[in-house]
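Residue numbers (UniProt numbering): 1 to 107. C-beta atoms are modelled at their ideal positions from N, C-alpha and C, and glycine is treated no differently. Fair warning: this is a prediction, and the values are worked out from it, not measured in the lab. Have a look at the structure below before the remarks.
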Amino acid sequence: MTAEEQYQRATIEVEQKKAAFRSSATVAKARLSPTRLKQDVKGKVSDGLHKVSSTAMTQISERPVATSAAAGALAIYLFRRPLSALFRRIYVRITNRTPDQSEKDDG
């Protein structure tokens with residue numbers, strides 16, 4: 001193989017590598033565009049939410065009693081002030097009972 005043939009092969013090889021580099025750079029540039037990044041984030045978030053919801057549904061179907069207890073505890077926590085006011089009123093009615101008939105005759 002002569003020096004000229006080696007030079008031509010090396011030139012062809014360099015051109016091929018340069019074309020491969022440019023194509024990979026173009027792909028990387030397209031991949032890092034803001035629109036593409038936004039689409040990737042939306043896809044990952046939707047996949048994550050779908051996975052979490054399916055996991056939650058399987059857990060709920062496997063443990064219905066624990067789920068209802070947790071939901072009840074959350075409801076009590078969220079409505080603690082109205083519930084405490086209600087129980088306070090009930091307690092006052094029970095403890096301060098005024099009968100219709102007086103215990104003494106003088107009323």
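1) How big is the Cα-Cα spacing for L86 and I76?
2) Excluding five sequence neighbours on each side, which residues of the same chain lie with their C-beta closer than 6 Å to the C-beta of I60?
3) With C-beta atoms as the reference, is A30 less than 8 Å away from R22?
4) For R31, which three-state DSSP category applies?
5) Which runs of the alpha helix (DSSP H) fall wholly inside the stretch 56-98 and span at least 4 residues, in chain order?
6) Can you tell me the Cα-Cα spacing of D40 and S54, whole angstroms?
Taking the coordinates as given:
1) Rounded to the nearest angstrom, the two C-alpha atoms are 13 Å apart.
2) Here the set comprises T67.
3) No, Cβ-Cβ distance for A30 and R22 is not below 8 Å.
4) Assigned with DSSP and collapsed to three states, R31 falls in helix.
5) DSSP runs (the alpha helix (DSSP H)) wholly in the stretch 56-98: 64-78, 80-95.
6) In this structure, the CA atom of D40 is about 21 Å from the CA atom of S54.
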